[in-house]
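Take a look at the structure set out below.
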């Protein structure tokens, strides 16, 4: 029996690799930031999940990627995310890019400066691809928007991607960015991450400054890294966290990152197939 040919390419494998793996490939000279960035930009043009983007600046992203490659080639100091292309939710300021938080009243507004977290990412060498789809004003959990449309789950078209950080989750799950940054208020990053089969972290309040992020519920908002692996989440958290005098909730003391005190392989998962008592049809 002849095995069916695979439609998966080396480019697909590169796009779907973890941030840590991509950093290793970049360090070994087996790929470049420009090649990685072009792969993501081309994928966004060619696939339905490209709707996850509400703004992309291909020219700027490629310039950032080429500058990163030059730094590597010249042996200059490089950052912890050097050359890694990232997606940013549309409620977080990126200098020169729109930041509407999904609101018609804010359409066309552009950020004058980077949010604190974005500045940390940029300082670590990350390439900023663009801004992602979200529920209007971050008030929703299904990835629905009256102007941008509903964002499908890339793993199961026709089903919800979750929200409010719908686009951030889809860009990671569909291989349209190395990782993404969303916002978690009442599950806004964790819900779409769980729907789309990726990871998201809601950090301790004040661990990552929310300065430059549109406030949905300021007492509960947190900047949330979203990625394809736990190691990637840890790296993004370490880069973005830090004290910010402009944010009154910003912590001076860091929360320690501790290894789990349980063995993941010992976990047992159960599926509840009768939710009638909750008024839910499974």
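Residue numbers (our numbering): 19 to 300.
From the three backbone atoms N, C-alpha and C, an ideal C-beta is built for every residue, glycine too.
{"query": "Unbroken alpha helix (DSSP H) run spanning residue 59, endpoints", "result": "51-64"}
{"query": "As assigned by DSSP and simplified to three states, the class of residue 109", "result": "coil"}
{"query": "Opposing strand residues paired with residue 177 [DSSP bridges]", "result": "None; residue 177 has no bridge partner."}
{"query": "Cβ pair count under 8 Å reaching 3, the stretch 135-152 against the stretch 190-200", "result": "yes"}
{"query": "Residue 142 versus residue 259 - alpha carbon distance", "result": "12 Å"}
{"query": "Spatial neighbours of residue 286 in its chain, beta-carbon cut-off 7 Å, leaving aside the 5 residues before and after", "result": "none"}
{"query": "Outcome for residue 248 when other beta-carbon atoms lying within 10 angstroms are tallied against a minimum of 16", "result": "exposed"}
{"query": "Cβ-Cβ separation, residue 257 to residue 138 (assumed contact under 8 Å), whole Å", "result": "6 Å"}
{"query": "Own chain partners of residue 264 with C-beta closer than 6 Å, once the 5 adjacent residues on each side are dropped", "result": "229"}
{"query": "Contact set for residue 97: own chain, Cβ-Cβ below 6 Å, skip 5 residues either direction", "result": "142 and 143"}
{"query": "Residue 222 in three-state terms, based on DSSP", "result": "coil"}
{"query": "Rounded separation between residue 214 and residue 54 - CA only", "result": "22 Å"}
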